[in-house]
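K.L.:
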Amino acid sequence: QKEVEQNSGPLSVPEGAIASLNCTYSDRGSQSFFWYRQYSGKSPELIMSIYSNGDKEDGRFTAQLNKASQYVSLLIRDSQPSDSATYLCAVNMDTGTASKLTFGTGTRLQVTL
Amino acid sequence: GAVVSQHPSRVICKSGTSVKIECRSLDFQATTMFWYRQFPKKSLMLMATSNEGSKATYEQGVEKDKFLINHASLTLSTLTVTSAHPEDSSFYICSARGQSTNIQYFGAGTRLSVL
């Protein structure tokens, strides 16, 4: 069974610190990886997509991908209380018109004052 | 990013009634739309995938006769929960994907409460 694993948390970090969120996936053939943020009671919103090994930076967010280790992470620099949310890792495990996302259970991040 | 509109945002209905949820892509053509269900403190579970002009593909365990999906145009998909029961109460979320991308953009979700 194709799976995406995340630590459910909560991960608690002080304001201004770096939050590190991790995700592993089972399908070695996966090509596309996404991080979504979901506030309580709301739908997910896309933060980052990453397709190649290495780092991809966008503002305070950096996604890191290591396909050999089947590992993708999200770093949030200068964490703010407004970053407190559940972060969902999603992996596209199929290709073409049949492709669909498999979501992890999410990591709840709490940024404390 | 692309905009996906989902209506209604909240529905409260009596057991046995049917509820229709609409999902529209406002600024792009969605060749594929997805319907998810999310229970409290759980992750998103894909219910079905719909491609414009063809029948939806349902995930294992999802009753196609209970959850009717129509994707009649490149900007609109609907999910109808037929003869809803309290166990159908959940947060239903749609997403849409354009032809040249594998990024899914989500609607705001519909919270269904069946009394």
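Protein chains in written order, with the numbering used here: chain E, 193 to 305; chain Z, 2 to 116.
For each residue, glycine too, the CB sits at the ideal point set by N, CA and C.
For residue 239(E) and residue 276(E), I'd like the C-alpha separation in whole angstroms.
P.N.:
Here residue 239(E) refers to the residue found at position 47 of the first sequence. Here residue 276(E) refers to the residue found at position 84 of the first sequence. Roughly 14 Å separates the two Cα atoms.
K.L.:
Could you tell me which chain E residues have their CB closer than 7 Å to the CB of residue 108(Z), listed as they occur along the chain?
P.N.:
Taking the first residue of the second sequence as 1, we reach residue 108(Z) at position 107. Per Cβ cutoff of 7 Å: 235.
K.L.:
So, helix, strand or coil for residue 88(Z), using DSSP?
P.N.:
Counted from its first residue, the second sequence places residue 88(Z) at position 87. Of the three classes helix, strand and coil, the one that applies to residue 88(Z) here is helix, per DSSP.
K.L.:
Quick one: what's got a C-beta closer than 8 Å to residue 98(Z)'s C-beta in the same chain, skipping five residues either side?
P.N.:
Stepping through the second sequence from its first residue, residue 98(Z) is reached at position 97. Excluding sequence neighbours, residue 98(Z) sits near 31, 32, 33, 34, 35, 104, 105 and 106.
K.L.:
Please report the straight-line C-alpha distance between residue 304(E) and residue 231(E), rounded to a whole angstrom.
P.N.:
Along the first sequence, one-based indexing puts residue 304(E) at 112. Along the first sequence, one-based indexing puts residue 231(E) at 39. Rounded to the nearest angstrom, the two C-alpha atoms are 16 Å apart.
K.L.:
Evaluate the contact criterion for the stretch 9-16 of chain Z versus the stretch 44-62 of chain Z: three or more CB pairs, one atom per stretch, below 8 Å.
P.N.:
no
K.L.:
On the criterion of 16 or more Cβ atoms from any shown chain inside 10 Å, does residue 85(Z) qualify as buried, or is it exposed?
P.N.:
The residue given as residue 85(Z) occupies position 84 in the second sequence. Buried, by the Cβ-count rule.
K.L.:
Flag this pair as yes or no: are the beta carbons of residue 203(E) and residue 302(E) separated by less than 9 Å?
P.N.:
Start at 1 with the first residue of the first sequence, and residue 203(E) comes out as number 11. Start at 1 with the first residue of the first sequence, and residue 302(E) comes out as number 110. In this structure, residue 302(E) lies closer than 9 Å to residue 203(E) by Cβ.
K.L.:
Closer than 9 Å, CB to CB, is residue 50(Z) near chain E or not?
P.N.:
In the second sequence, counting from the first residue as 1, residue 50(Z) sits at position 49. Answer yes: the Cβ-Cβ gap between residue 50(Z) and chain E drops below 9 Å somewhere.
K.L.:
For residue 26(Z), tell me which candidate among 53(Z), 67(Z), 17(Z) and 39(Z) has the shortest Cα-Cα distance.
P.N.:
In the second sequence, counting from the first residue as 1, residue 26(Z) sits at position 25. Nearest option by C-alpha distance: 53(Z).
K.L.:
Taking the straight line between their C-alpha atoms, what separation do you get for residue 292(E) and residue 284(E)?
P.N.:
Residue 292(E) sits at position 100 when you count from the first residue of the first sequence. Residue 284(E) sits at position 92 when you count from the first residue of the first sequence. Rounded to whole angstroms, residue 292(E) to residue 284(E) spans 6 Å at the Cα level.
K.L.:
Is residue 260(E) closer than 9 Å to residue 245(E) when the C-beta atoms are compared?
P.N.:
On the first sequence, residue 245(E) is found 53 positions in, with the first residue counted as 1. On the first sequence, residue 260(E) is found 68 positions in, with the first residue counted as 1. Yes, these two residues count as a Cβ contact at 9 Å.
K.L.:
Looking only at its own chain, which residues have a Cβ that is under 6 Å from the Cβ of residue 40(Z), when we skip the five neighbours before and after it?
P.N.:
Indexing the second sequence from 1 puts residue 40(Z) at position 39. Within the same chain, residue 40(Z) has close Cβ partners 91.
K.L.:
Are residue 95(Z) and residue 80(Z) close, meaning C-beta to C-beta below 9 Å?
P.N.:
Translated into the one-based positions of the second sequence, residue 95(Z) becomes position 94. Translated into the one-based positions of the second sequence, residue 80(Z) becomes position 79. Closer than 9 Å, so yes.
K.L.:
Can you grab the Cα-Cα spacing for the pair residue 19(Z) / residue 236(E), in whole Å?
P.N.:
Residue numbering aside, residue 19(Z) sits at position 18 when the second sequence is read from its first letter. Residue numbering aside, residue 236(E) sits at position 44 when the first sequence is read from its first letter. Near 26 Å, if we compare the C-alpha coordinates of residue 236(E) and residue 19(Z).
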